[in-house]
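Reading through the structure tokens given below for one structure.
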Amino acid sequence: MGEWWTTVPIESSLGNFDISSISHATMSPSKQNNLLSMYSSLSLSKSSYSVISAFCTEDNIPQCISYINQELASLGLSSTCIEASSPGAAGLNPVPALNATYELLQIHRRTMCSLEELEREQLKKSSTLEHVQMNNSRLKDQLELSIREKSGLHEMERQLQLKIKTLQSCLKTEKDEVQKLQNIIASRASQYSHDAKRKERETAKLKERLSQLLVDRKDKKLAIDVLNCLGRSDGKRSHWKTAKAAASHEGEMYKSLLSDYEASQRSLMLENAELKKVLQQMKKEMIHVLSPRQPSIRGATADDSQEQADSDLEDRAGDSSRGSLDKSCEHAREQLTNSIRQQWRKLRNHMERLDSQASQVQNQLESNKDVISRETHEDEMERMRREVQQCKEFIDAQQQLLQQLNTSFDDETAALLNDCYTLEEKERLKEEWRLFEEQKRNFERERTNFTEAAIRLGREKKAFEEDRASWLKNQFLNMTPFTDRRRCSSSDGQSALSIRSEPEMRMSSSKVQLPKSSTYTSFSTPKPAPSATVPSTTELYRTLRLIPDPSSTRHSSHGRWHESSTIEDGESQVKAKSRLRCGDLSIFSLGEDENSLT
Amino acid sequence: MNFSEVFKQSNQLCKVSPDGKYLATCVQYRLVVRDVSTLQILQLYTCLDQISHMDWSSDSLFILCAMYKRGLVQVWSLEQPDWHCKIDEGSIGLVSSRWSPDGRHILNTTEFHLRVTVWSLCTKAVSYIKYPKACSKGIDFSRDGCYMALAERRDCKDYVSVFVCDDWHLLRHFETETQDLAGLEWSPNGCVLAVWDSCLEYKVLLYSLDGRLLSTYSAYEWSLGVKSVTWSPSSQFLAIGSYDEKVRILNHITWKKITQFEHPSTINNTKAVVYKEVERRPVVSDDLSLHNITVGTTLFNTQSKYEICPLPVQIPVVKPDPDRANPKIGISSLAFSADGRYLATKNDNMASVAWVWDMQKMNLVAVLEHTSAVKCFQWDPKHPRLALCTGNAKLYLWSPAGCVSVQVPAEGGFQVQSLSWHCTGDSLILLGKEQLCLCYMETEQEDK
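Residue numbers (the working numbering), protein chains in the order written: chain A, 35 to 632; chain B, 281 to 728.
As structure tokens, then:
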């Protein structure tokens, strides 16, 4: 803005525009602000005024000042009042103007800050709003759902209610039906019983009539025909039916009844007596049980009333026993039962006390034990563990013994077991044998490989020897004393050296090529050696191995050959061929040894 | 165990005399009396018609033969074969005839239960007892033969008359509190009379000899009630079998229930032993030779034996038809062993099973399941031994020691329909449809 202000005086010629635009701008401060900022930027980039931006011109400085003052006052910055430096001049008093600008800047910053804050707030608010809205919509959905559910449930309830109503009505009708049926049944039953009675009466009447008729007819057939009358089974004569007889019958009946009752009473008495005896015995035993404990109880509790009760009890017991013995009247019985009851109570109390004591003692013991145990416990545990271990061992030993016993006893099983063992052994042996066989086969293969290689080598050697011999022969034959060939002989030692070194090279190459089983021809093609060297005779001989080498390796090599042969003998004789080529082999081996030595 | 040869009989009329010496059998209209030990015919009597009922007098001197169709009763004397007696009930008819306990009177019940006629063989005198009730067990004599209780129906009410058998003096006459009296039975000591109502109501009444009501017992209401009642030999217990498949035991002091024995279809009572009859057809193997065929019937007879079943055991139950009268359910037979130690029962909807209960421990001892329905069972009068038959050729015996089934080695398809012990318990009379056979127990074996 400052820049704007600074630019104003520079290009003020353009803007002679009125305040209307300004006033227009003031009407919407935000717009003005925007415009201002916009134009500030514009002014910066272009440094050219647009029409509206001409707020202050040289003509309207005082108006501008007053306007700005007004504005400032309205903003509450009345203290600073921009004044023209000199009335009528186009200068400003810089201090208040700067203050005002500063104030404005402050205000602006503050507002910006607050704006930012507000924006942030607003962002927050909007996000929360969004959240809330989402929530709201969700809840609305839920609400809708639940409303729907509710309506469904309502519907169901309504249906159920309807059903209940129908069922209730059904029940009512059923109940009515049942009631009706019951009534019917009752009426039928009464009717039936009534009818039955009527029928029965009728039948009774009919029977009566029938018997009457039968009696009236004086049925002749109704008769007894006995040859002669029999005597009574008891041998007595029959009696007249008299009142006396009837009375005697009554008497007899009562007699029999009485006897029966007497018998039953007797049995009951007996039972009673038995029970009483049992009761007495029980009481006696109770007393017996109670009495020896009394001193201890007394000692323990020192209860006077207890003592008294005990003595009382004993007295009463004696009393009742006497009473029950001589008379079984009600009083005695009552006494007896009372005493028994009391005693029983006593005994029960006693037992309870004993129980409690016992439990106390036990508790004490337990607590004691707890105190003691810490050290003894471990020992005990250790001991027990040892015991368990011993027992286990013992059991094991016993089991073993048992098994042994079993096996020794049971020959069949023993045989079977033996069989099993031998079988197993056999199996194992077979396995071993198989392994052994395999090893042997491997070995054999190796040996054949070896012998084959040896044979090949021998053959190669032989070919080589032949080659050399032919070559030497050629050389020898070519050794004619021609002058032009003397030059060649000057380098004699060299050639001899080369010759000597040749087998080395060859051997090494053969050595390399041996496992490859390279063809002899490719290998042994001797160099044409255009520069035919003429070796000395000794050298020749040496190369031909006619003269022993000064280095005495032959012995050892020979020994080795022997050794190998013995090894060969020890092993299974494989091929006679290889045997036959032993000589070649020996040559080869010698050469080899020599090589190895050199 | 030995079996006699087979004799003919008709109507299953075959009885051993009370003294155990004679065996009377009826064959059509003939009465044959044999010596039990030798089985030789001692006497042969010829009646006027086919005999429908036969009975020994208590002194084993006379035999009564009733011909219900003709309304005739003929009495024969064993001592005097010439002596004869014929009682004609005439046009009034006859449905039942029995000896009085003294063996000198015959009680005939006429048709329609119009009356009971008492004929004296001593004096030829005849007396009538009117209004006897037509029920299953309307007459009972006390064990000592002194008194007779008779159920009567007058004026649509039940009465019981107690007569002195000596001179037919009416000792007591009292009304019973029953709707429809079905039966009565004296206790073995003759002092208590048990009276029970018809099956429509569960009601058992106990009367003293002098007509006092001692007690009334009713286990439940609104259901079919009592089916069978039996006194224990000591008069100590009264066993009541009912349609609810239970037996209730009343005591003789308070006449209250001591216990009840249920007859469940699944037995898992570990104290009980379940014996199941297992039938085995004889294996017709390669030795089916001419010999076996000629041996005949035994080849085709099924072998069977009892096997002890591991618990729990499911017993076959036949559901009764609810629309039919007298449904086949409930305890129809009850029998105490002679020493009163055991009680044998039969539940009608488990007809193939007999149950044995211990009366001392009051629990189930044994369950005998058979391949067919139990027809009849009876206790040995001397030993705790139960004999059963199921209408096939086998005799089944139970004792506390075990259970055995015996093939009756009679030819011609002898099927045991009923059996009765000789009073000594040494032999059994097995009754087939038309035949009879005696089975002798081995006493030595028992001693072992």
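Note that beta-carbon positions come from the ideal geometry of N, C-alpha and C, so glycine has one too.
Computed from a predicted structure; not experimentally measured.
GLU465 (chain A) carries a helical assignment under DSSP once its states are collapsed to helix, strand and coil. The Cβ-Cβ distance between LEU504 (chain B) and LEU494 (chain B) does not fall below 8 Å. Taking one beta carbon from each stretch, the stretch 670–678 of chain B and the stretch 599–618 of chain B have fewer than 3 pairs nearer than 8 Å; the two do not touch. Around the beta carbon of TRP637 (chain B), 16 or more other beta carbons sit within 10 angstroms, so the residue counts as buried. The C-beta distance from SER400 (chain B) to ARG384 (chain B) rounds to 6 Å, short enough to fall under 8 Å. PHE454 (chain B) is outside the set of residues whose beta carbon lies under 8 Å from a beta carbon in chain A.
Under the 8 Å Cβ criterion, the stretch 598–605 of chain B does not count as touching the stretch 501–517 of chain B, having fewer than three qualifying pairs. Chain order gives no chain A residues near LEU387 (chain B), where near means a beta carbon separation below 7 Å; the closest approach is about 13 Å. Membership of MET303 (chain A) in the alpha helix (DSSP H) is indicated by the continuous run 277–324. For the stretch 357–368 of chain B, the beta-carbon criterion of a distance under 9 Å to any beta-carbon of chain A is satisfied by SER357, GLN360, ASP362, TRP363, HIS364, CYS365, LYS366, ILE367, ASP368.
When 7 Å is used as the limit between beta carbons, ALA279 (chain A) is near these residues of chain B: ASP447, HIS449, in chain order. Interface residue (Cβ-Cβ distance to chain A less than 8 Å): SER290 (chain B) is not classified as such. Counting only Cβ-Cβ distances below 7 Å, MET287 (chain A) has contacts in chain B at LEU451, LEU489, ASP490, in chain order.
Against chain A, the beta carbon of THR326 (chain B) has no neighbour under 7 Å; the closest one sits roughly 16 Å away. When DSSP states are grouped into helix, strand and coil, HIS532 (chain B) belongs to the coil group. Residue state for MET281 (chain B) is assigned as coil, using DSSP reduced to three classes. Distance between ALA681 (chain B) and VAL553 (chain B), taken at the CA atoms: about 11 Å.
The Cβ of ASN469 (chain B) sits closer than 8 Å to at least one Cβ of chain A. Residues of the same chain with a CB within less than 7 Å of the CB of TYR411 (chain B), apart from the 5 flanking positions on each side, are GLU432, ARG433, ARG434 in chain order. Short of 8 Å from the beta carbon of GLU191 (chain A), and not among the five residues preceding or following it, lies no beta carbon of its own chain. In chain order, LEU591, PRO592 place their CB closer than 7 Å to the CB of ASN548 (chain B), counting only its own chain and leaving out the 5 sequence neighbours on each side. Just so you know, the alpha carbons of GLU137 (chain A) and GLU155 (chain A) end up roughly 26 Å apart. Per DSSP, the beta bridge partners of GLU587 (chain B) are B:LYS556. By DSSP's assignment, TYR622 (chain B) forms a beta bridge with B:ASP638. Counting the other CB atoms within 10 Å of its CB gives ARG492 (chain B) a total below 16, which places it among the exposed residues.
Residues are counted here when their Cβ sits less than 9 Å from a Cβ of chain A; for the stretch 392–414 of chain B these are PHE392, HIS393, LEU394, ARG395, THR397, TRP399, SER400, LEU401, CYS402, THR403, LYS404, ALA405, VAL406, TYR408, LYS410, TYR411, given in chain order. Our two residues, ILE386 (chain B) and GLU501 (chain B), have alpha carbons roughly 40 Å apart in a direct line.
A direct Cα-Cα distance of roughly 18 Å separates ARG475 (chain A) from LEU463 (chain A). Across the set B:ILE533, B:GLY712, B:VAL296, the C-alpha of B:GLY712 shows the shortest separation from the C-alpha of PHE694 (chain B). With 16 or more other Cβ atoms from the protein chains shown falling within 10 Å of its own Cβ, MET334 (chain B) counts as buried. No Cβ-Cβ contact shorter than 8 Å links SER498 (chain B) with LEU291 (chain A). Per the C-alpha coordinates, the member of B:GLU559, B:ILE609, B:PRO596 positioned closest to GLU587 (chain B) is B:GLU559.
Exposure of GLY265 (chain A) is indicated by the presence of fewer than 16 other C-beta atoms within 10 angstroms of its C-beta. Its chain contains VAL312 as the residues whose beta carbon lies nearer than 6 Å to that of LEU324 (chain B), once the 5 sequence neighbours on both sides are disregarded; these appear in chain order.
By the C-beta density criterion, PRO381 (chain B) is buried, having at least 16 other C-beta atoms within 10 angstroms.
The Cβ of GLU234 (chain A) sits closer than 8 Å to at least one Cβ of chain B.
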